[in-house]
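Take a look at the structure below.
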Amino acid sequence: MKAKMMEGMQRFSKAMFIPVLILPIAGILIAFGNLFTNAKLLEVIPFLNNPITTGFGSILTGSLVSILGNLGLIFCVGITVGLANKEKAVAGFTALLGYLVFVNAMNKFMELSGVLFQGESLRGTGQTLVLGVQILDMGVFLGIILGIVTAIVHNRFVDTEFNGAFQIYGGSRFVFIVLIPIVVLSAIALTFIWPFFQAGINSLGTLINHSGSFGIFLYGALERLLIPTGLHHLIYTPFLYTSLGGATEVGGQLLEGARNIYYAEIADPTVKVLSESVIWDARGISKMFGLLGACLAMYHTAKPENKGKVKAILIPAAVTSFIAGVTEPIEFSFMFVAPLLFVVHAGLSGLSMVTLNLLDVRAIGPNGMIDFLLFNIPLGIEKTHWPMYILVGLIFFAAYYLIFRFLITKFNFKTVGREDEGHETKLYSKKEYKESKGKGTAGSPAAQGNEDLAGVIVHALGGAENINSVTNCYTRLRLTLDSPEKVDEAALKSQTGASGVIIKDKNVQVVYGLQVNNIRKAVDSYLGLGTNE
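Be aware that the sequence shown starts at 1, since it is given in the UniProt record's numbering, and climbs by one per residue.
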């Protein structure tokens, strides 16, 4: 039961990445559009103050803000696509149909049962407009619930076929036929059930938001501690996109979730002060500053003869963390060889959030310096207190450096450049992978010049027959294997550039960083998998 539960959570966490990873792009473009309408910026750069550029900024920002009001639909389709075993495109289309049926079924039932609010303003009623239809305000949870339900029905019935005159009703059509009564009954049931769940969610959100520094610290630490399991985004997603992260009215629209509120406030120049819910989105300190200090500590504690190599390894990883907020290549360099360092890192991450909250800093940098510049600079110092964010970042840079250096030398941790002979821990580059192919021993995958990177990966995973599914998130190749004990972790690290390998039951995650998308495509091609597999 425990193994099945963990496997289910792993699958759900992978599916969540489809909608979650696209939303920051919308946020960046909202901030980019805001640059062209920001009054202070236009004073500094007057040539931008013309109808063409300001109009472009208004259109870009206004069009993308609409995404924030339709997160339920986005999550419904995204999660269904992620959880579908096959025919993913059809599954996504079915999810869209199911969402439309649910919304209208709930509206009609609420009307017939007399619970549909009649009035001009829906604020405080627990009801809202979804695609222009008035229903209970379930927010992103509606999309999550329907996405899971649709995926279950799709996987169960997509292979059902009929003969004769009924043949046309088989496959995906039968999935939709089965889904309709389930969705309608769910709409009726949730009309009665959801208010109780919403009351519980609101109470939990109130408890968390009133737990002060302890709640913030716990959030920040857990978000990092769950990195090895790949479930860390199950911690931050509810705070970023549901009422757990706060609820406030921005521009006359009630928004839930720290990230949604922040994006909307960026787009609305009439908002004077950023919402306090943004404290849950201040994860950038450890990414932009802390881990740079950790890298410097690992460099200074490396063996003298290895420092040149360590510099070449850590500088690209540090730059990636600082600019794009991708931390896993660094974290996996010490996560397993020195678990205490990882625990300390998680604690410092939580402490950085507490510090920002105590200093009333509302600046964010969730995905590195690019996000920091786009989101905070145009809003000004008064709203974000961004100079204080940088000051806190520099303090944590020093704290990471001093603590990591002390612990590495005190306990003789075998971090990058301190490994014993024959037990090298490193972050492998593409160049090093190519070199390793030419220097491999006879009979090894590296020595077979006709094998490409995907072939080496598949071989190290136990062969094509051992692989059941292949997906990826932002930085990891995620697979389910028949026999995970066949995985050659050493080969994945030394020959393919993986900075970490995580095996949990039949779920295997191989950390590659930002190049994982290309690696996933190469593996799919090698295995002969189509886009709907």
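Note that the Cβ used here is the ideal one computed from N, Cα and C, for glycine as well.
Here the structure is a predicted model, which is why all the values come from computation and not from measurement.
Nearest Cα to L185 within the set G98, L461, T480, V511: G98. S203 and A302 have their C-alpha atoms spaced approximately 50 Å apart. The C-alpha of E87 is placed about 14 Å away from the C-alpha of F174.
For the options Y219, N260, A189, the alpha carbon positioned closest to that of G347 is the one of Y219. Fully contained in the segment 167 to 238 are the following alpha helix (DSSP H) runs of length 4 or more, in chain order: 172 to 209, 212 to 225. N155 places its beta carbon 9 Å or farther from that of A221. Note on geometry: alpha-carbon atoms of C76 and I193 lie some 20 Å from one another. CA-to-CA, the gap between R478 and A324 works out to about 21 Å.
Straight-line measurement puts the Cα of F56 at about 30 Å from the Cα of T242.
Within its own chain, the residues whose Cβ lies closer than 8 Å to the Cβ of M369, once the five positions on either side in sequence are excluded, are M288, F322, I323, listed in chain order.
The distance from the Cβ of G513 to that of V326 is about 6 Å, consistent with a contact at the 8 Å cut-off.
For I467, the beta-bridge partners assigned by DSSP are L481. When the beta-carbon positions are compared, V416 and S352 stay at least 9 Å from each other. Straight-line spacing of the CA atoms in Q515 and N472 works out to 11 Å. Between A399 and A294, the alpha-carbon positions lie close to 9 Å from each other. Per DSSP, L136 is one residue of the beta strand (DSSP E) stretching across 133 to 136. Short of 6 Å from the beta carbon of P329, and not among the five residues preceding or following it, lie these beta carbons of its own chain, in chain order: A317, L427, S499, G513.
Nearest in C-alpha terms to G365, of all of R259, G114, P339, is R259.
Check the Cα spacing between L407 and each of F162, L461, V133, V337: the tightest is with V337. Burial of K493 is indicated by the presence of at least 16 other C-beta atoms within 10 angstroms of its C-beta.
The C-alpha of F32 is placed about 10 Å away from the C-alpha of S58. Residue environment: F197 is assigned as exposed (fewer than 16 neighbouring CB atoms within 10 Å of its CB, all protein chains considered). For V183, the number of other beta carbons within 10 angstroms of its own is at least 16, and it is reported as buried. Residue nearest to N376 within the set H345, G246, T94, Y263 is Y263 (criterion: CA-CA distance).
With fewer than 16 other Cβ atoms inside 10 Å of its own Cβ, T125 counts as exposed.
In the three-state scheme derived from DSSP, where H, G and I count as helix and E and B as strand, R476 is classed as strand. In this structure G143 is in contact with I74, their Cβ atoms being roughly 7 Å apart against a cut-off of 8 Å. Excluding the 5 residues flanking it on each side, A247 has same chain C-beta neighbours closer than 6 Å at E256, in chain order. Each of V508, T496, A491, Q495 was checked against the Cα of L481, and the nearest Cα belongs to V508.
Between A187 and S113, the alpha-carbon positions lie close to 13 Å from each other.
Counting every other CB atom within 10 Å of its CB across the protein chains shown gives N34 a total of 16 or more, marking it as buried. Residue burial annotation: N50 is exposed, with fewer than 16 other C-beta atoms found within 10 angstroms of its C-beta.
Relative to the Cα of L453, the nearest Cα in the group Q495, N466, S469 belongs to Q495. Cα atoms of S333 and Y474: separation of roughly 18 Å, rounded to the nearest angstrom.
Rounded to the nearest whole angstrom, the C-alpha separation of G380 and T237 is 27 Å.
Scanning its chain for C-beta atoms nearer than 8 Å, with the 5 sequence neighbours on each side dropped, one finds around V458 the residues A464, I467, V523, Y526, L527, in chain order.
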